[in-house]
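Engineer:
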Amino acid sequence: MTQRIAHLTTVHRPRDNRIFNKECCALAADGLDVTLIATDAGTEDVDGVHMVELPRVKGRAQRLVLAQVNAWRKLQQVKPDLLHIHDPELIPLGIAWKLLHRNKLVFDSHEILVDQVADKSYLNPVMKVVVRNYARFLLNSASRFCDGIVAATPVIGKQFANDHIQVVENYPWVREYGVPDGTSEVPGRVIYAGGLVKPRYIETIVRAVQQVPEAHLVLAGWPDAPTKELLDSVEDDPRIDYRGVVETRDVPALVATGSIGTVLFPNLAHYAESVPTKMFEYMAAGIPFVASDMAHWRRLLDGQDVCLFVDPNDVDEVAEAIRTLVKDDELRHRLGRNGRRAVETRFAFEKEAEGLAAFIRQLLAS
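Per this note's numbering, the sequence shown starts with residue 1, numbered consecutively.
1) Among Gly221, Lys228, Ser233, which one has its Cα closest to the Cα of valine 251?
2) Apply the 10 Å Cβ neighbour rule to proline 55 and answer buried if 16 or more other Cβ atoms are within range, or exposed otherwise.
3) By a C-beta neighbour count over all protein chains shown, 10 Å radius and 16 as the cutoff for buried, is methionine 51 buried or exposed?
4) Would you list the residues sitting across from alanine 220 in a DSSP beta bridge?
5) Confirm, please, whether the CB-CB distance from valine 306 to valine 318 is below 7 Å.
6) Work out the CA separation of histidine 164 and phenylalanine 145 for me, nearest whole Å.
7) Under the assumption that cysteine 24 contacts histidine 7 (Cβ atoms under 8 Å), give the Cβ distance between them as a whole number of angstroms.
8) To the nearest angstrom, how far is it from the Cα of alanine 135 to the Cα of isoleucine 191?
9) So the alpha helix (DSSP H) arginine 341 belongs to, where does it begin and stop?
10) With DSSP collapsed to three states, give me the class of isoleucine 112.
11) Please tell me whether glutamate 185 and serine 259 are closer than 7 Å, where the distance is taken between their beta carbons.
12) Give the C-beta separation of leucine 66 and valine 57 to the nearest angstrom, bearing in mind that I take them to be a contact with Cβ-Cβ under 8 Å.
13) Run through the segment 54-95 for me and flag every whole alpha helix (DSSP H) of 4 or more residues, listed as ranges in chain order.
14) For valine 167, which option in Ala269, Ala256, Pro238, Glu354 has the closest C-alpha, if you only look at C-alpha atoms?
15) Identify the continuous beta strand (DSSP E) that holds alanine 291 and give its terminal residues.
16) Which same chain residues end up closer than 6 Å to glycine 339 when comparing Cβ atoms and leaving out the 5 residues on each side of it in sequence?
17) Compute the distance between the beta-carbons of isoleucine 370 and leucine 138, then report whether it is under 7 Å.
18) Please tell me whether valine 255 and alanine 285 are closer than 7 Å, where the distance is taken between their beta carbons.
19) Taking the continuous beta strand (DSSP E) assigned at cysteine 307, which residues delimit it?
20) Look up histidine 296 in the DSSP assignment and say whether it is helix, strand or coil.
21) In or out: aspartate 328 buried (at least 16 other Cβ within 10 Å) or exposed?
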């Protein structure tokens, strides 16, 4: 009898790049029976993945209670042999499901949870202590009760004391980007497609591009409130082009039109060991990028020669890096070629997909 795998999230979008486009599709392509349970998922199969829709709930409090009740009901319909959860708040639910039904349980850790709590500015010092302790409790519970842990980076995996940890990096599917030949590139185009939130230095990118007459900016993604105000304020600037929310499947084609990418993160504990998907998407598309000068990123890209590092808090320095790449065709093309080569040989999701499928099959067989 075919064994069923259910991926469950009450937080992420149904077409989340990591959850759906990479993991679910990779497992379905490997011949496994995969269902994704998520808000607004619809009910039609997509790319071999069965979709089960959770009703929409409003607010953090409802998500923590009502969304989990709804999720449990959907699990009772799907009856998975292996439950793969993607949200820390689903760990207690997942453990209860595992113990009651004696099924396999996998937690997919996308971030360093305790550090993430420390960077939440809306929490007062007392609440930070409380939430950090609860985060540690969740991590310890996942380590003890989960049959396996999937981690987005090796550092994230080190949070867990579990014998079965599989690192699945957020590298791009190389197949989605084709072979860059320069015909899609729009001269002077600086591009960013992703979360348009304040910690991504969107205002810095906008102000930097405005300093470079030869450059123009294309932004795509869902903006937070401060970024929405910023976009409204530059609506009449012909060199700032906001495209709205772009579907995951359309991102590679959009990125390929760029000359220069941007990936600016703050130097906070939450991001210190992060590995942003954006940089690999630029590399797969064969375009160079301007990146925050972070020690971990320098180590990761050591010897690759694919980008220019900058201080994200210095608009002038970011502008100068953009200006350099716009004006120096030889440098821009060389960095772009180096990036594409690095993705093909080292940073391709195709290899990660093989490891994930083998890991899940091993858990199902044990």
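Ideal placement from N, C-alpha and C gives every residue a C-beta, glycine not left out.
Structural biologist: According to the structure data:
1) Of Gly221, Lys228, Ser233, the smallest CA-CA separation from valine 251 is found for Gly221.
2) By the 10 Å Cβ count, proline 55 comes out exposed.
3) Counting Cβ neighbours within 10 Å, methionine 51 comes out buried, since at least 16 surround it.
4) Checking the DSSP bridge columns, you'll see alanine 220 partnered with Ala193.
5) Contact flag unset, no.
6) So the two alpha carbons sit approximately 11 Å from each other.
7) Contact flag correct, Cβ pair sits at about 6 Å.
8) In this structure, the alpha-carbon of alanine 135 lies about 35 Å from that of isoleucine 191.
9) For arginine 341, the enclosing alpha helix (DSSP H) starts and ends at 329-345.
10) The three-state secondary structure of isoleucine 112, taken from DSSP, is coil.
11) It is a contact, given that the beta carbons lie within the stated cut-off.
12) Yes, they are in contact, since the Cβ atoms of leucine 66 and valine 57 sit about 5 Å apart, within 8 Å.
13) 59-78, all fully within the segment 54-95.
14) Cα-wise, what sits closest to valine 167 is Glu354.
15) That run of the beta strand (DSSP E) goes 289-292.
16) Annotation for glycine 339: Met283, Val306 place their beta carbon closer than 6 Å to its own, counting only its chain and skipping 5 residues before and after.
17) Because the chain is modelled from 1 through 366, residue 370 falls outside the range shown and cannot be assessed.
18) With contacts defined as CB atoms closer than 7 Å, valine 255 and alanine 285 qualify as a contacting pair.
19) Where cysteine 307 is concerned, the enclosing beta strand (DSSP E) stretches over 307-310.
20) Helix at histidine 296.
21) Aspartate 328 is exposed by the Cβ-count criterion.
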